[in-house]
Structures are given as structure tokens and as C-alpha cells.
Amino acid sequence: MRKNFLIVVFVFALIFSLQAQMPPQQQMKLEDVQKALSLVDKPQPVPDRYKAGFEAINAKDTMAMLTFIASDWTEGRETGTKGYMIAADYVVSLFKMWGIKPAGDMPGFGGGRGMGGGQRGGTPATPPERTYFQEFGLKSTSDVQSSISLTINKAGAIQTRDFASGVDYQAMGGRGGGSGMGSMTGPVVFVGYGIQEPSIKFDELAGLNLKGKIVIVLTEAPGRDDPKSPFQAKKELKEKYFPAAPAGGQRAPGGAGQPARFNKITELQKLGPAAIFQVANVNNDAATFRNMSRPAVSHINDDRPIINRQRTSLAIPGVTGGGGPMGGSNVPTMTITRDMANAILGVTGQKIDDLKAQIEKTFKPASKDLAGTGITMTTTAKTALVRAFNVLGYIEGSDPKLKDEYVVVGAHFDHNGIWQDYIWNGADDNGSGSIGVMNIAKAIATNPVKPKRSIVFALWTGEEEGLLGSRYYTLNPAFPMDKTIGYLNYDMISRPYDATTIARTMQRYGVPGAEALVKKIRAPWFVTVNLTENTPFADIAREMNNYVGLDLALQSSALGVGSGGSDHASFAQVKKPFVYYMAAMTSDYHQPSDSVEKVSGELIAKISQHGYLTIFKFADQ
Ligand SMILES: [Zn+2]
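For what it's worth, this note's numbering labels the leading residue of the sequence shown as 14, then goes sequentially.
Right under this line is the structure:
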């Protein structure tokens with residue numbers, strides 16, 4: 014899962030991180046639980062059509078491959094590094110042994126040089142064959158520095174004041190809050206809470222044009238502690254502007270399958286401002302200064318390494334938001350202190366809390382353009398280009414017509430690399446998922462009968478940086494996206510649930526009458542399967558579980574919805590149905606301690622067998 018986005022959220026989500034990639038949780042009804050759970054402890058013999066491939070998947074080979082891929086030799090497989098390429102070439106050599114065809118770039122396009130897959134020199138006798146690599150450039154940005162200066166022209170007297178990042182303001186979200194390097198100057202507008210609520214005839218943006226301006230806005234809504242406030246009295250407005258923090262163990266809404274929650278900043282960003290400076294509704298400058306004064310690593314956890322790595326972000330050049338579905342907006346957005354807000358509001362002769370009190374008293378907008386006020390934002394950063402490689406292979410379908418349709422089976426191959434003496438081996442994240450893809454490839458290659466449609470096997474790079482490899486593929490597919498009918502994603506499929514992790518997850522199934530059913534769940538074989546609703550995936554997954562014997566929790570989401578922080582989101586973004594498997598999240602998540610001796614080869618093998626059967630049947634329909 015992606016780094017920069019997480020650093021911010023992770024601090025808060027750490028308590029809940031055990032469910033970071035878990036599906037969201039709405040209270041369920043008994044029939045939902047029965048529909049969601051597929052518990053099979055006595056599997057039947059697998060049908061002959063799939064048998065040879067099914068039996069080619071086993072825990073022994075699984076662990077043999079994972080032990081190399083997650084060894085210190087591959088140095089945590091960070092995107093663009095030698096360690097990643099050593100592991101990638103290992104996969105290519107196995108693909109060749111199993112007769113998996115290359116699905117990457119044409120030779121001479123990129124992936125050739127020194128990468129084993131491609132051609133070298135001379136004019137080829139036979140038509141050039143593809144390589145196993147899809148090569149592309151990623152832009153790395155590091156050492157982002159920004160500064161803000163204020164100019165106020167009051168009756169001809171020019172005043173200026175400078176503000177510093179991490180002292181007077183804090184960038185929100187990744188990418189240093191800046192929209193890339195350079196400087197930008199613009200006029201300033203104060204919009205109160207920036208709310209447009211026709212239902213109560215309250216519009217703070219009426220008559221204003223935010224385009225190209227720096228917007229000063231308060232968080233939440235007026236009347237936080239005033240029961241008479243329409244934003245308190247009306248339930249839907251209260252939930253919209255004062256959302257309750259997710260209850261213990263519950264994931265915040267907006268995950269896979271849930272409608273995205275209202276986000277005022279996102280709505281304001283759509284109006285094209287040059288930047289947004291938000292001020293906390295409730296004065297918590299003391300907390301802001303305390304947080305900003307702390308070192309990056311403030312919470313020293315004695316049994317974890319102290320990581321003080323320089324932050325670098327990667328992005329696909331030229332793709333809005335830098336690539337991944339999480340790229341978000343390019344409008345720089347900051348949280349500023351009251352001291353800074355009051356300085357900016359200087360021409361009004363009022364302080365931010367005076368204007369807030371006025372709005373809360375009258376429930377009338379106090380928005381205004383700040384005449385004579387200008388803000389210049391300057392951002393500097395170090396940038397470079399990184400060579401990145403997805404690994405791609407395929408097996409052609411058996412049906413003369415349907416073989417021109419494709420199902421993609423993928424997992425991210427990259428992880429967090431090496432720093433000083435620490436290596437993030439990423440055995441579970443996502444060495445296990447990568448082996449899952451290779452197991453399915455070997456199984457289909459071994460099985461005499463092939464599915465009717467063609468199967469593409471993909472190991473993505475750049476997932477930890479923002480789902481970049483899978484996103485790049487959906488923008489530059491090896492085979493037409495309009496002929497691609499679905500996607501299987503594996504991420505972290507090797508750590509069995511235990512009593513604690515299962516208890517937390519079971520909260521959502523704790524509905525009256527489901528006790529007996531839930532009791533039957535065997536934690537070590539429990540797997541969550543997130544899939545697109547109204548597609549064959551759910552029925553196929555249940556049917557095929559009869560031959561595998563896992564305890565599956567099926568969760569469906571609407572077509573096009575697929576957040577939750579893994580590569581299925583890239584395919585959801587282009588409206589492709591997906592099925593996404595994940596086992597338990599543990600405290601080794603994104604730690605150097607995520608190493609091979611902790612994983613269960615049996616669990617990976619079983620989840621691989623289930624994926625093999627599910628994709629086979631899906632590609633056959
Ligand atoms: Zn992952």
C-alpha cells in the first residue's frame with residue numbers, strides 16, 4: 014500500500030491499521046452475513062477440467078519462490094532499484110520455464126537493455142518478440158521546500174510578511190502540498206466556512222469567483238456547540254459537516270462499496286482556486302504548534318527501528334494527480350495557524366474569530382475578496398526520472414474467438430526497499446501476492462485445457478508510491494482495455510488471522526442469530542474477498558470454494574468503486590470488475606519484520622488455488 018498518503022493517515026489509522034485494507038463496515042443483517050460467508054471445511058475433489066493445474070500449486074514450491082523473492086538479496090524490491098530487477102528477472106526466468114509468453118514492450122522500445130528479456134543488437138531474423146517488461150519513466154520528487162509571503166497594500170503602504178512551512182502552516186496530503194516547483198502569486202478571498210447549502214438558503218460562495226485565488230476557509234460549519242444552529246438541528250447536515258470519528262475497529266466510510274463521504278475541500282478544489290488555506294474551526298493552534306514542533310518520528314516505539322528516511326514521492330509524469338487513483342487534486346491545500354490567518358485578513362481590520370463569531374451569530378455569510386492583499390507561494394524540490402518496470406506475461410485463450418478477450422491477474426511486486434541496515438523484505442506485502450500470481454500462471458500453463466479467454470499475468474511496480482504500475486498499465490495496456498473483462502488482485506495473502514485479528518473483524522458479523530455461523534469460522538483459513546457486485550465473481554468464488562476449503566468473507570462493491578489501497582483500485586477507476594483477496598493484517602505491516610519465516614505457505618497455496626479456479630471459470634464463461 015502507498016507511502017505518502019499513509020504517513021499522514023497512518024498516524025491516526027495506526028490504531029485501526031489492522032484493517033487498513035479491510036473492506037468498510039456497515040452494520041449487517043443476518044441474511045447479509047449468511048450471503049457474505051462461504052465456510053467450507055471439507056472440500057470436494059476438483060473437477061478434471063482444472064485438476065492438473067490445481068495440483069501444480071503447493072506450499073513447498075510457494076515457499077521456495079517466496080524465500081528468494083523476499084530475501085535480503087532483493088533488498089526490499091523498491092521501485093526502480095537493482096533489488097527489484099534481480100527479483101523481476103527471477104520471475105521472468107520461471108515464466109520462460111513454464112512457457113508463459115512475454116507481454117511487455119517490443120524490443121528496442123525500452124525493456125531490452127541488460128534486463129534479460131529483450132533482444133540485443135543485430136537485425137532479428139524472426140518478427141521481434143515482446144519482452145517480459147513494460148518499462149516507463151517515473152518522476153521522483155524529494156526535498157520539497159515551500160515558503161509563503163504575504164503582501165498587503167493598505168492605502169499605498171506596502172507591508173510584506175513571510176511564513177514558513179512546518180512553523181506557520183502545514184501542507185495537507187502528499188506531494189508537499191505544492192503543485193510542483195516554482196512560484197505562484199494570487200489575490201485572496203475569505204469564504205467563511207465555504208458552504209453552499211441551498212436546503213437552508215445558506216450560500217457563502219454566492220457572487221464570488223474562486224478561480225486563481227487563494228481561498229481562506231474555516232473547517233466544519235458554524236454553530237458547532239449551538240444546538241439551535243441549523244448545522245446541528247438538521248441530522249443530515251450535522252453528519253455532513255461534523256462527521257463522527259469511526260467507532261473502535263470500524264473503518265471510516267468511503268472504502269470499497271460505500272458512497273464517498275462529503276469533503277468540503279474537494280468541493281472547493283473543483284472551483285479552480287490557486288490554493289486553499291484552511292483554518293481550524295476550533296482554535297487548536299497550541300496543538301498545531303506542538304505537532305509541528307515534534308520531530309518526524311515522535312512516537313518512538315522501542316521495539317521498532319527509528320526510520321528517519323528522506324521522503325521521496327514518485328509520480329507518472331503528465332498524468333493528473335501523478336497517477337494513482339489516490340492522486341487527488343493539484344490544488345495546494347494547507348492548514349494555517351490563526352496567527353497566519355489574522356495576518357492575511359489584515360485589510361479587514363478583523364481577526365478570524367471575529368468573522369467566525371459574526372457568521373455564527375447571524376448565520377449570514379461574511380465572505381469577501383481581500384482587496385490589496387496578495388500571496389506568493391514558492392516551492393522548490395529535487396526531481397529526477399526513475400526507470401520503472403512492470404513484469405508482464407500471458408497465456409493465450411483456447412477459444413478461437415474469445416482468445417481476443419483478456420482477464421488480468423495481478424499483484425504489486427514492489428515494496429519499501431532498504432535503508433541503512435534495515436531491509437523491508439515484504440514477504441507478506443506483497444511477496445505473497447506476487448507468488449499467488451506466479452502460482453496461477455504455473456497452474457494454467459501446466460493444465461492441459463486452457464481457459465477460453467487469454468490470461469495476462471502482471472507484477473506491478475510503484476504500488477507503494479501510489480498504485481503507479483497498475484495505473485500506468487490501464488493507461489498503456491499490453492492488450493486492449495475494452496477487451497479486458499476483469500481483474501484479480503492479490504495483496505498480503507500469507508498471514509493467517511488469529512483470535513485477536515478475527516475478533517476485530519467479526520464485530521461486523523456480530524448480528525443476532527449469526528453466532529453459530531460465525532463460531533464455525535476457522536481463523537487460520539479466513540480470507541476477505543472484495544469483489545464487484547452484479548458480476549459472476551461472487552457465485553464463482555462460492556462455487557470454487559467447494560474444491561478449496563477456505564472460510565471466505567465476500568464483500569461486494571459497485572462497479573467503478575474500489576478504494577482500499579491496492580491495485581484493484583486502478584482497474585475500478587477504468588470501470589473493470591475485480592476480485593481482490595486479502596488475509597490478515599499484522600503489526601509487521603510495513604516493517605522490516607515482515608519476513609518469510611512468519612508467513613504460511615499453505616495459506617498462500619490455498620488462496621492461489623481458489624484464484625486459479627475462479628479466474629479459469631470467469632475466463633470460460
Ligand atoms: Zn501491499
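Glycine included, C-beta positions come from ideal geometry on N, C-alpha and C. Remember, predicted model here, so these are calculated numbers, not experimental data.
Requested in this report: Please report how far the alpha carbon of residue 183 lies from the alpha carbon of residue 623, in whole angstroms.
Outcome: 46 Å
Query raised in the report: How close, in whole Å, do the beta carbons of residue 229 and residue 217 come, if the pair is a contact with beta carbons under 8 Å?
Result: With 8 Å as the limit, residue 229 and residue 217 do not qualify as a contact, their Cβ atoms being about 12 Å apart.
Query raised in the report: Any idea what DSSP makes of residue 267, helix, strand or coil?
Result: Below a pLDDT of 50, predicted positions are generally treated as unreliable, and residue 267, at 45, falls in that range; the measurement from the model is reported next regardless. In this structure, residue 267 counts as coil in the three-state DSSP scheme.
Requested in this report: Determine, using beta-carbon pairs with one atom in the stretch 72 to 81 and one in the stretch 370 to 390, whether at least three such pairs fall under 8 Å.
Outcome: no
Report task. Tell whether a beta-carbon distance below 8 Å holds between residue 572 and residue 50. Result -> no
Report task. Evaluate the contact criterion for the stretch 144 to 161 versus the stretch 393 to 401: three or more CB pairs, one atom per stretch, below 8 Å. Result -> Proximity of the stretch 144 to 161 to the stretch 393 to 401 meets the contact definition, three or more beta-carbon pairs being nearer than 8 Å.
Query raised in the report: Can we count residue 601 as close to ligand 1, meaning its CB is less than 7 Å from some heavy atom?
Result: False, no ligand heavy atom lies under 7 Å from that Cβ.
Query raised in the report: Just the Cα atoms here: how many angstroms apart are residue 322 and residue 603?
Result: 14 Å
Query raised in the report: Once you ignore the five residues that flank residue 366 on each side, which residues in its own chain have a CB closer than 8 Å to its CB?
Result: 296, 351
**Report entry** Inter-residue spacing [alpha-carbon to alpha-carbon] between residue 338 and residue 362
**Finding:** Low confidence applies here, because residue 338 scores a pLDDT of 46, under 50, leaving its location unreliable and the question unanswered by this model.
Requested in this report: Mark residue 180 as exposed unless 16 or more other C-beta atoms lie within 10 angstroms of its C-beta, in which case mark it buried.
Outcome: exposed
Query raised in the report: So what's residue 627 in DSSP terms, helix, strand or just coil?
Result: helix
Query raised in the report: Roughly how many angstroms lie between the CA atoms of residue 448 and residue 462, to the nearest whole one?
Result: If you take the alpha carbons of residue 448 and residue 462, they lie about 22 Å apart.
Report task. Can you give me the start and stop residues for the alpha helix (DSSP H) that residue 97 sits inside? Result -> 95 to 111
Query raised in the report: Can we count residue 598 as close to ligand 1, meaning its CB is less than 7 Å from some heavy atom?
Result: Not under cutoff, so the answer is no.
Query raised in the report: For residue 446, which of 424, 150, 389, 103 has the nearest alpha-carbon?
Result: 424
Query raised in the report: Which residue comes first and which comes last in the alpha helix (DSSP H) that contains residue 548?
Result: Segment: none, residue 548 is in no alpha helix (DSSP H) and carries neither H nor E.
Query - Nearest candidate by alpha-carbon position, reference residue 84, set 48, 606, 632 - result: 606
Query raised in the report: Across which residues does DSSP place residue 148 in a beta bridge pair?
Result: 402
Requested in this report: In angstroms with no decimal places, state the Cα-to-Cα distance between residue 223 and residue 386.
Outcome: 15 Å
Report task. Could you please give the first and the last residue of the uninterrupted alpha helix (DSSP H) stretch that includes residue 368? Result -> 365 to 375
Query - Alpha carbon of residue 58 to alpha carbon of residue 552, nearest angstrom - result: Between the alpha carbons of residue 58 and residue 552 lies a gap of roughly 19 Å.
Query raised in the report: Mind pulling the beta strand (DSSP E) runs of 3 or more residues that sit fully within the stretch 459 to 512?
Result: 467 to 473, 497 to 503
Report task. Please indicate yes or no: does the CB of residue 607 lie closer than 7 Å to some heavy atom of ligand 1? Result -> no
Requested in this report: Report yes or no: do three or more beta-carbon pairs, one from the stretch 417 to 431 and one from the stretch 490 to 505, lie closer than 8 Å?
Outcome: Enough Cβ pairs lie closer than 8 Å, so yes.
Query - Which of helix, strand or coil DSSP assigns to residue 67 - result: In the structure shown, residue 67 adopts helical secondary structure according to DSSP, grouped into three states.
Query - Nearest-angstrom beta carbon gap, residue 499 and residue 376 [assumed within contact, 8 Å] - result: Wrong, their Cβ atoms sit about 51 Å apart, outside the cutoff.
Requested in this report: Quick one: measure Cβ to Cβ for residue 625 and residue 66, integer angstroms, because I've assumed they're closer than 8 Å.
Outcome: 6 Å
Requested in this report: Mind checking who residue 684 pairs with in its DSSP beta bridge?
Outcome: Not covered by the structure: residue 684. The range shown for the chain is 14 to 634.
Query raised in the report: Where do the N-terminal and C-terminal ends of the alpha helix (DSSP H) with residue 82 fall, by residue?
Result: The continuous alpha helix (DSSP H) containing residue 82 extends over residues 72 to 82.
Report task. Could you tell me the distance, in whole angstroms, from the CA atom of residue 474 to the CA atom of residue 93? Result -> 8 Å
**Report entry** Span of the alpha helix (DSSP H) around residue 581
**Finding:** 581 to 586
Requested in this report: For residue 76, collect the residues of the same chain with a Cβ closer than 7 Å to its Cβ; drop the 5 residues on either side in sequence, then sort them by chain order.
Outcome: 614
Query raised in the report: Between residue 510 and residue 608, what straight-line distance do the alpha-carbon atoms span, to the nearest angstrom?
Result: 17 Å
Requested in this report: Enumerate in chain order the residues of its own chain whose CB-to-CB distance from residue 87 is below 6 Å, with the five nearest sequence positions on each side excluded.
Outcome: Around residue 87, the same chain offers 96, 99, 100 as residues with beta carbons nearer than 6 Å, after the five sequence neighbours per side are excluded.
Query raised in the report: Which ranges does the alpha helix (DSSP H) cover as unbroken runs of at least 4 residues, wholly within the stretch 180 to 257, from first to last along the chain?
Result: Here the runs fully enclosed are 243 to 246, 248 to 254.
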